[in-house]
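Numbering (the UniProt record's numbering), first residue to last: 1 to 1193. Cβ atoms here follow ideal geometry from the backbone N, Cα and C, with glycine treated the same way. This one's a predicted model, so the numbers in the text were calculated from it and none came from an experiment.
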């Protein structure tokens, strides 16, 4: 018999030897183990199984209802985390398991629902998350289903609409990700469980036992006794009374067969189940849900689903109940699947195609994959598109994952189920860790500073040193540039304190002041007021809570401070404050050599000097500040002056309306004392006074309290920049941007710096209005700036600085210029080059814009500088020739370019369509990319094209099919001959024959530049390709019309690349091909590529069409592929990387371009003397492949 990996069986009729098919080496592992006391030995095909004689299921559903193992029903609305079931039999040899539920509020705060199910078994922690179809979290990692752990002892798989976790000892946990969970245990656990699911002793009367073994007096008391710690502390015990309220008539309606009575409706689809599972409890739970849902339309469907799931779990047939209750819409099946009320409980997956064949689970309602499709994580896909199984984990095609826990091997699942991996490591500054369920390289998210009562155990950068008990110190102070200022101080050890009493810690964060410590860490003050824990600030930015051994103050994303009963203080700070801290915790920059820096930024090796610089006034003495007078040199009169309303008294003066509203939100006493202390220490320095008052004003503002006007011309006026002055009440602001529309005014006034007369605000400076420039359609222009306002550059505009207005006149670009958009405005640019194009079925466009059609199977000289008379030649301009040859067919047929030949710098370069990604150089075939003559010629793949580029500006681009372009710089004007013309700006003289004389027509012109041989033909006579009648031609015609559309995606390119050639030939070639949409798409691609290689960004044009493109393995389509994507051979190109991009296939992350395909870096070949050589693989005598040498094609 065939056994699957992890499958368990007993090999004899006594079931005395338990065996397992191992996950490796195809081995069977057996051990002596008999069936348990509540199990029976039964035959199964050729082997035997220990089958539970009985089992029981605990169900949690709705909002939420708990139906215990023994049948006790209660409704509990707590939104915290609770223990559902655990193996609680002391000394038991039964496998340990632990199942917890994390609830959440949805809608009204009184209503809670299931969110996550947490299972701990065999030392693994598994989370079945809300909405997690096809996914689960195993040991903090998100993984795709199905999952097999511990040689098959744990299996997690999709079963119907739920995720199921099954163990080899009979535990089965299911969760539908929304509202229904079940925990099933075998009879071996009778009298051995505890939690909200009860003790499984077949007596429902004692299921209301609290965790301490005493009987609970109420449901909330029962629920809260089984509450378990959870990182998310925002939860509540839920409502106590009136959780579900309906009037008598409404309740009666809900009990009717049209609603909850449907569960026990005679002859209904669930009727057969009633004789096995009493529906009464479910009917009452259903009514409870509808009464508490308050118009929530899903309640009825979910209640019926819960009962149906229990019935199906026991193997009882269930009819099509959703159609009769209007609940079909509640199940939305994904693509390639359909709803079934009775589908296999073990669906076929990519990891196990035969799962349904050996499935012993009863059927369940499900979204069943269509024929030919199987489950791949959360989707149904064709079998042939299945992904990879690696170390018992499944990965979909294209999925990238780390194969090692230390991020040293990264893999990607490829077509065919093969995973390709390569060695790598995290870059500097990043660590290998798990975030949000995914392993990867992430920036260090926080720094840790550990402080004892008399020793800094570890600064952020790892330095240790002692500090004395008799002084107060600043442990952490962030720089003022950061908007969220943080300060942490620790007080001196007070004389008379108990030996084990802890120093008080003061924390300033998000505008709040928190004090922790002293007699007890449970004593916490926020802004001077005692608070009970857990404490949540209304802003949502501050939490304080107790743990088993300490108090934690946390501001999410910024700071977390744990102060523990042992006296240890752990400060965890976001890396947003990197290079931005001071205090005893050091300068957080990853460098342990500059920790001892003073508040003024000067670093020292003297610890005593460092400690003294961070000694702070004891603001945590709750008013017992004996050293305040000392700081004022015992001058009580001076201290009295500083207390006055004209000094520090301004912030706590009950008659001063400026700060009055803030007193109840932000404790003023600490700021008041700080102000006094700073004035005393500084001898009355006004800047210290103003800064202290401003800090309180800022704290009030952060607490979202409006602070009134407190500055004046005589008290702390703002120091204003040049060309501005302080105003106590400023309601209007005039900026450079608002000169045309007038100043922006508010209903209320605030203090601030007003620009002087004749000046306006630009950024943070006041500048003369004449320097402001103009505002044009939301853009700020510089004075005298010129631009064109339209896409065709017909209207030239300029900014008049004297009145800050824009004036325009009808002026177009010059003949040798083109119009280009830059940041929403348009400018005329001088043409620095020109392009000649050969494309489609014999369509030519010269450098000067003359277009003609001609069919030829002979090689044709497109462009050459050699035909110039010798007297005109100069060594200044290199000579070159570009020749193209079409297909060797009858010229009455439509022909494409098949070969391009470039002769330059004594190199003969031949590109042939049949030898893609290679070129012939002086009769030697070589791989791309190539660098010839130390960079004089570069040849490389770019997007869908091959590019030949020289150092003097010649660029030949060929798409290996139908499109060829030749671009030359402006310096070659009047120096070229051939089918591409003279390049002198005059299209009328382009027809110059090879002898230098004007040709009589196109035929004479082309024939003169043809390189004839015995078999080729020039011209098609009267049998040229023609356009006939095509049914439905409007479709490709509409597609082609995107090229010249003035409002389309290509409009920005029209000025530089005339669209008429491309549009005309798009229509003709598509017609010749019988209306083929692919031909039209090819011409759109030709125009897009021409624009892109000329530096004009054409991005996303395919989004407006049905034109699609497929990419080879390890790559994906991008509408903008950089010239400098990672390559095996990093050649230095003449073109600037950032200058332009083209559409094409971009290598996936972790892969590099080797000239023709995307490969792993370690598979790259050799690059020597400007030539790239691929790896040659040789097979050893043992059959192993090894890379030996690099080879030519």
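Nearest to residue i (by Cα), restricted to the options the options
i, options, result
"residue 992", "1122, 263, 864", "864"
"residue 973", "832, 170, 1045, 461", "832"
"residue 169", "152, 157, 175, 178", "152"
"residue 746", "729, 630, 290", "729"
"residue 1141", "1108, 1099, 1147, 1107", "1099"
"residue 141", "1021, 401, 1083", "401"
"residue 811", "789, 801, 421, 473", "789"
"residue 881", "858, 924, 909", "909"
"residue 1251", "1165, 190, 226", "Lying outside 1 to 1193, the shown extent of the chain, residue 1251 is not represented and no answer is given."
"residue 965", "763, 838, 511", "838"
"residue 485", "434, 530, 576", "576"
"residue 895", "352, 582, 854, 167", "854"
"residue 503", "162, 844, 288, 516", "516"
Own chain partners of residue i with C-beta closer than 7 Å, once the 5 adjacent residues on each side are dropped
i, result
"residue 990", "846, 848, 850, 981, 982"
"residue 1073", "1079"
"residue 79", "103, 104, 105, 112, 235, 236, 238"
"residue 15", "34, 35, 41, 48, 50"
"residue 38", "52, 53, 54, 186, 187, 188, 190"
Same chain only: Cβ atoms within 6 Å of residue i, ignoring 5 sequence neighbours per side
i, result
"residue 19", "9, 11, 28, 30"
"residue 377", "134, 144, 396"
"residue 36", "188"
"residue 398", "none"
"residue 129", "116"
"residue 621", "Low per-residue confidence applies at residue 621: pLDDT is 35, beneath 50, and the placement is therefore not dependable enough to give any value."
Buried versus exposed call for residue i [16 or more other C-beta atoms within 10 Å across all chains shown]
i, result
"residue 315", "exposed"
"residue 1023", "exposed"
"residue 898", "buried"
"residue 479", "exposed"
"residue 870", "Bear in mind that a pLDDT of 48 at residue 870, under 50, signals an unreliable position, so the number given afterwards is only what the model happens to contain. Counting Cβ neighbours within 10 Å, residue 870 comes out exposed, since fewer than 16 surround it."
"residue 391", "exposed"
"residue 996", "exposed"
"residue 1061", "buried"
"residue 1046", "exposed"
"residue 1034", "exposed"
Supposed close pair residue i, residue j - CB separation, criterion 8 Å
i, j, result
"residue 324", "residue 318", "Actually they do not touch by this definition, with Cβ atoms about 12 Å apart."
"residue 718", "residue 774", "The Cβ separation is near 30 Å, so there is no contact."
"residue 488", "residue 476", "4 Å"
"residue 103", "residue 86", "So it is not a contact: roughly 17 Å between Cβ atoms."
"residue 1122", "residue 1143", "So it is not a contact: roughly 12 Å between Cβ atoms."
"residue 154", "residue 175", "Actually they are not in contact, since the Cβ atoms of residue 154 and residue 175 sit about 15 Å apart, beyond 8 Å."
"residue 817", "residue 828", "4 Å"
"residue 1006", "residue 979", "7 Å"
"residue 533", "residue 546", "5 Å"
Spatial neighbours of residue i in its chain, beta-carbon cut-off 8 Å, leaving aside the 5 residues before and after
i, result
"residue 427", "441"
"residue 1280", "Since the first and last residues shown for the chain are 1 and 1193, residue 1280 lies out of range."
- Message: Is it the case that the segment 1085 to 1098 contacts the segment 950 to 963, given that we only count it when at least three CB pairs across the two stretches are under 8 Å?
- Response: yes
- Query: Is the segment 700 to 708 touching the segment 628 to 635, taking contact as three or more C-beta pairs under 8 Å?
  - Reply: no
- Would you check if the segment 251 to 266 and the segment 206 to 223 touch, i.e. whether three or more CB-CB distances between them fall below 8 Å? no
- Query: Is it true that the segment 1148 to 1159 meets the segment 1110 to 1117, where meeting means three or more beta-carbon pairs spaced less than 8 Å apart?
  - Reply: yes
- Message: Using 8 Å as the cut-off, can you tell me whether the segment 268 to 277 makes contact with the segment 43 to 55, which would need three or more C-beta pairs spanning the two stretches below that distance?
- Response: no
- Message: Count Cβ pairs between the segment 458 to 467 and the segment 584 to 600 that sit closer than 8 Å; are there 3 or more?
- Response: yes
- Message: For the pair the segment 300 to 307 and the segment 278 to 285, tell me if three or more CB-CB distances fall below 8 Å.
- Response: yes
- Are the segment 724 to 740 and the segment 565 to 585 touching by the rule of at least three beta carbon pairs closer than 8 Å? no
- Message: Within 8 Å, do at least three Cβ pairs link the segment 602 to 612 to the segment 520 to 529?
- Response: no
- Task: Kindly confirm or deny that the segment 938 to 946 and the segment 906 to 919 touch, where touching means at least three C-beta pairs closer than 8 Å.
- Result: yes
- Message: Under 8 Å: do the segment 1053 to 1067 and the segment 922 to 931 share three or more Cβ pairs, one atom per stretch?
- Response: no
- Item | Touching by the beta-carbon criterion (3+ pairs, under 8 Å), the segment 201 to 208 and the segment 94 to 101 | no
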